[in-house]
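Oh and the sequence shown: position 94 is 94 in the working numbering, straight run, nothing missing. One structure is given below, encoded as C-alpha coordinates.
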Amino acid sequence: VDSSYVTQPREDVISTEGLTVSLRCTFKTMSTNAYVFWYKQQVNDLPRFMLRRFTIGEGNNAAEFHKDRFDAQIQNTSVPLRIQNLQLSDSALQCASSLVQTSA
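Quick look at the structure:
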(Lines of atoms letter the chains of each structure in order from A; the text may use other names.)
(Lines give C-alpha, C1' and ligand atoms only; values in the text may rest on other atoms or scores of the structure.)
Protein backbone atom coordinates (compact mmCIF):
# COMPACT_ATOMS: atom_id res chain seq x y z
CA VAL A 1 0.00 0.00 0.00
CA ASP A 2 1.35 3.39 -1.01
CA SER A 3 1.15 6.04 1.71
CA SER A 4 1.10 9.17 -0.43
CA TYR A 5 0.32 12.59 0.93
CA VAL A 6 0.81 16.31 0.37
CA THR A 7 1.85 18.87 2.95
CA GLN A 8 1.22 22.61 2.89
CA PRO A 9 2.24 25.18 5.48
CA ARG A 10 -0.67 26.60 7.47
CA GLU A 11 0.02 30.22 6.71
CA ASP A 12 -1.59 33.20 5.08
CA VAL A 13 0.26 34.65 2.11
CA ILE A 14 -0.17 38.41 1.84
CA SER A 15 0.94 40.32 -1.24
CA THR A 16 0.03 43.18 -3.57
CA GLU A 17 -1.93 43.25 -6.82
CA GLY A 18 0.31 42.88 -9.85
CA LEU A 19 3.04 40.96 -8.04
CA THR A 20 3.88 37.23 -8.09
CA VAL A 21 3.50 34.76 -5.22
CA SER A 22 4.56 31.16 -4.80
CA LEU A 23 2.47 28.89 -2.55
CA ARG A 24 4.44 25.99 -1.12
CA CYS A 25 3.48 22.35 -1.26
CA THR A 26 5.49 19.16 -0.81
CA PHE A 27 4.44 15.59 -1.43
CA LYS A 28 5.59 12.09 -0.61
CA THR A 29 4.86 8.99 -2.62
CA MET A 30 6.34 5.58 -3.29
CA SER A 31 4.81 5.62 -6.78
CA THR A 32 6.78 6.46 -9.90
CA ASN A 33 3.87 8.50 -11.29
CA ALA A 34 2.07 10.70 -8.79
CA TYR A 35 -0.52 13.32 -9.77
CA VAL A 36 -0.67 16.57 -7.80
CA PHE A 37 -3.77 18.76 -8.11
CA TRP A 38 -4.24 22.39 -7.07
CA TYR A 39 -7.70 23.75 -6.19
CA LYS A 40 -9.07 27.20 -5.38
CA GLN A 41 -11.83 27.61 -2.81
CA GLN A 42 -13.48 30.93 -2.10
CA VAL A 43 -15.66 31.61 0.95
CA ASN A 44 -18.98 29.71 0.87
CA ASP A 45 -18.05 27.99 -2.39
CA LEU A 46 -16.94 24.53 -3.46
CA PRO A 47 -13.30 23.89 -4.44
CA ARG A 48 -12.60 24.50 -8.13
CA PHE A 49 -9.96 22.57 -10.03
CA MET A 50 -7.09 24.82 -11.13
CA LEU A 51 -4.38 22.55 -12.48
CA ARG A 52 -2.70 19.17 -12.22
CA ARG A 53 0.87 18.09 -12.63
CA PHE A 54 2.38 14.62 -13.00
CA THR A 55 5.79 13.31 -12.02
CA ILE A 56 5.77 11.77 -15.52
CA GLY A 57 4.33 14.05 -18.22
CA GLU A 58 3.03 17.60 -18.46
CA GLY A 59 -0.36 17.95 -16.78
CA ASN A 60 -2.87 20.68 -17.63
CA ASN A 61 -4.69 23.78 -16.39
CA ALA A 62 -8.44 24.37 -16.22
CA ALA A 63 -9.53 26.84 -18.91
CA GLU A 64 -10.15 29.72 -16.50
CA PHE A 65 -6.71 29.34 -14.86
CA HIS A 66 -4.41 30.26 -17.75
CA LYS A 67 -0.88 28.91 -17.54
CA ASP A 68 0.57 32.38 -18.10
CA ARG A 69 -0.76 33.35 -14.62
CA PHE A 70 -1.14 30.02 -12.79
CA ASP A 71 1.64 27.46 -13.00
CA ALA A 72 3.25 24.68 -11.00
CA GLN A 73 6.31 22.59 -11.75
CA ILE A 74 7.21 19.42 -9.89
CA GLN A 75 10.74 19.70 -8.50
CA ASN A 76 11.70 16.49 -6.66
CA THR A 77 9.10 16.41 -3.86
CA SER A 78 7.94 20.02 -4.20
CA VAL A 79 5.20 21.43 -6.42
CA PRO A 80 4.71 25.12 -5.57
CA LEU A 81 1.83 27.02 -7.16
CA ARG A 82 3.03 30.24 -8.80
CA ILE A 83 0.46 32.99 -9.34
CA GLN A 84 1.64 35.92 -11.44
CA ASN A 85 0.06 39.35 -11.87
CA LEU A 86 -1.98 38.94 -8.68
CA GLN A 87 -5.57 40.15 -8.76
CA LEU A 88 -8.00 40.73 -5.91
CA SER A 89 -10.07 37.80 -7.22
CA ASP A 90 -7.14 35.48 -6.44
CA SER A 91 -7.90 35.90 -2.73
CA ALA A 92 -9.01 32.43 -1.65
CA LEU A 93 -7.86 29.18 -0.15
CA GLN A 94 -5.58 27.38 -2.60
CA CYS A 95 -4.98 23.77 -1.69
CA ALA A 96 -3.28 20.73 -3.16
CA SER A 97 -4.07 17.02 -3.19
CA SER A 98 -2.48 13.98 -4.75
CA LEU A 99 -3.52 10.81 -6.52
CA VAL A 100 -1.30 7.82 -7.10
CA GLN A 101 -1.30 5.98 -10.42
CA THR A 102 -0.93 2.27 -9.79
CA SER A 103 -0.49 -0.52 -12.28
CA ALA A 104 -2.39 -3.80 -12.07
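Each residue gets a CB set at the ideal place from its N, CA and C atoms; glycine is no exception.
DSSP-derived helix/strand/coil call for Leu19: Here residue 19 refers to the residue found at position 19 of the sequence shown. Reduced to three states, the DSSP call for Leu19 is coil.
Per-residue burial, Leu81 [other beta carbons within 10 Å of its own, 16 or more giving buried]: Sequence index remark: in the sequence shown, residue 81 carries index 81 (1-based). Label assigned to Leu81: buried.
C-alpha gap between Gln87 and Lys67, whole angstroms: Against the sequence shown, residue 87 aligns to sequence position 87. Against the sequence shown, residue 67 aligns to sequence position 67. Here the alpha carbon of Gln87 sits roughly 15 Å from the alpha carbon of Lys67.
Beta strand (DSSP E) segments (min. 3 residues) lying fully within the stretch 13-101: Taken in chain order, the unbroken stretches of beta strand (DSSP E) that lie wholly in the stretch 13-101 and span 3 residues or more are 21-23, 26-28, 34-41, 48-54, 70-72, 81-83, 93-100.
For Cys95, the nearest candidate out of Glu17, Thr16, Ala63, Lys40 (CA to CA): For the purposes of this step, residue 95 is identified with residue 95 of the sequence shown, where counting begins at 1. Answer by Cα proximity: Lys40.
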